[in-house]
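There are 2 protein chains.
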Amino acid sequence: MTNMMIGDLAQKTSTKVNTVRYYEDIGLLPEPARTASGRRTYAESDVRRLSFVRHSRGFGFSIDEIRSLLEISDSPKQDCEAAAKIAQEHLEKIDTQIVQLTSLRDALKLFATSCSGGSAEHCEIIGALNRLNPPVG
Amino acid sequence: MTNMMIGDLAQKTSTKVNTVRYYEDIGLLPEPARTASGRRTYAESDVRRLSFVRHSRGFGFSIDEIRSLLEISDSPKQDCEAAAKIAQEHLEKIDTQIVQLTSLRDALKLFATSCSGGSAEHCEIIGALNRLNPPVG
DNA sequence: TTACAACCTCCAGTTACTGTAGAAGCAAGC
DNA sequence: GCTTGCTTCTACAGTAACTGGAGGTTGTAA
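Each protein sequence line maps, in turn, to chains V and W.
Here the first sequence stands for residues -3 to 133, where the numbers follow our numbering.
Here the second sequence stands for residues -3 to 133, where the numbers follow our numbering.
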């Protein structure tokens, strides 16, 4: 049960000190105990909780999604299906993103690589961006 | 040369009225002429410029990148290579994103689909997020 | 004792918009 | 000529998820 300062916690979880305080502000992390002079002190459980948050962020979960995940995790009697739903929906979002990005990449590649190096008058990139029809009629 | 109001321009380019004014604020669109009562009026050239911006945004170019692209487009004697560089770098960013998202998806899928539907105590999703090692030592 | 790093609070800035409040203009119908 | 209702105007606040800085304390090592 080694107590640590905010800098240690931040370093152990690859988080910036300001971000730790931010997570506390928005309620993702509980208010920690303080030393006599007002400095935050943390225990190993805080490392685990913050790691959970950072991993989840790494997977692209939003703060709100993580909040829900944490609630479920905090009350183990709650239904696991809620967590499954969050993860499943997130997975679908990512799949959609991949599909969109891929078709975007293909379209962009078509003219991004066709620059002949002359003056911008005949630039394929700008030309293509200009030649596209207005989004709606 | 039909002059139009901001609502018409917005509709023709699938843009919100507020967004058109925003683009003007940040200098992507020139300050338009006004009617006697102070309303903005636009011509076809504005439709083309705004379409260019919207298409570029659709391709994921940032406002700053679009600003550069517009500058190049506005002065056709400038070197086309600058535009090619912007597009090429953007393409690389997208490729990186696709790679990262794909490996993320695979990792997430591993445990997102393994929910047995019981109580959260044995939830695979939360367990996996908890079991991951802290990001740094 | 004197540096200096780490901590504190509070606040502004980032990106690219979106939404709202409150006032004014404009066209159509009665 | 008046009312209704839509569009426009300016100006500002809010979004997501932090990040960075100012200005001020505290703790520790030389």
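From the three backbone atoms N, C-alpha and C, an ideal C-beta is built for every residue, glycine too.
{"Asked": "Endpoints, alpha helix (DSSP H) assigned at E99 (chain W)", "Found": "Note on identity: in this sequence residue 99 (chain W) is Ser, with Glu being the wrong assignment. Element bounds for S99 (chain W): C76 to A108."}
{"Asked": "7 Å Cβ cut-off: residues of chain W touching K105 (chain V)", "Found": "L87"}
{"Asked": "Chain-order list of residues whose beta-carbon lies under 8 Å from that of G133 (chain V) (same chain, five-residue window excluded)", "Found": "Here the model assigns G133 (chain V) a pLDDT of 31, short of 50, so the residue's position is not dependable, and the following value carries that caveat. Cβ neighbours of G133 (chain V) beyond the five flanking positions: none."}
{"Asked": "Where the alpha helix (DSSP H) through E27 (chain V) begins and ends", "Found": "Taken as a continuous stretch (DSSP letters only), E27 (chain V) belongs to no alpha helix (DSSP H), as it is neither H nor E."}
{"Asked": "7 Å CB neighbourhood of R45 (chain W) in its chain, flanking five on each side removed", "Found": "L25"}
{"Asked": "Cutoff 8 Å: N126 (chain V) Cβ touching any chain W Cβ", "Found": "yes"}
{"Asked": "Neighbouring residues, chain W, relative to S52 (chain V) (Cβ below 8 Å)", "Found": "L125"}
{"Asked": "Backbone secondary structure at T37 (chain V) - three-state DSSP", "Found": "strand"}
{"Asked": "Any C-beta of chain V under 8 Å from that of L134 (chain W)", "Found": "Since the displayed chain W opens at -3 and closes at 133, residue 134 (chain W) lies outside it and no answer follows."}
{"Asked": "Interface flag, I68 (chain W) vs chain V, CB-CB below 8 Å", "Found": "yes"}
{"Asked": "Separation of D75 (chain W) from A108 (chain W), as counted between CA atoms", "Found": "49 Å"}
{"Asked": "Nearest residue (CA-CA) to M1 (chain V), options V:D42, V:I22 and V:G23", "Found": "V:D42"}
{"Asked": "When V:K8, V:R17, V:R50 and V:I122 are compared against R35 (chain V), the one with the closest alpha-carbon", "Found": "V:R17"}
{"Asked": "Buried versus exposed, by CB contacts within 10 Å (16 or more), E120 (chain W)", "Found": "buried"}
{"Asked": "With 16 other Cβ atoms within 10 Å as the buried cut-off, status of L106 (chain V)", "Found": "exposed"}
{"Asked": "Contact list for A39 (chain V) against chain W, beta-carbon separation under 8 Å", "Found": "Residues of chain W passing the Cβ test: none, with the nearest at roughly 14 Å."}
{"Asked": "N126 (chain W) to S52 (chain V) span [Cα, whole Å]", "Found": "10 Å"}
{"Asked": "Expected contact under 8 Å - CB spacing of V13 (chain W) and G3 (chain W) to nearest Å", "Found": "6 Å"}
{"Asked": "Cα-Cα separation between I94 (chain W) and E27 (chain W), rounded to whole angstroms", "Found": "38 Å"}
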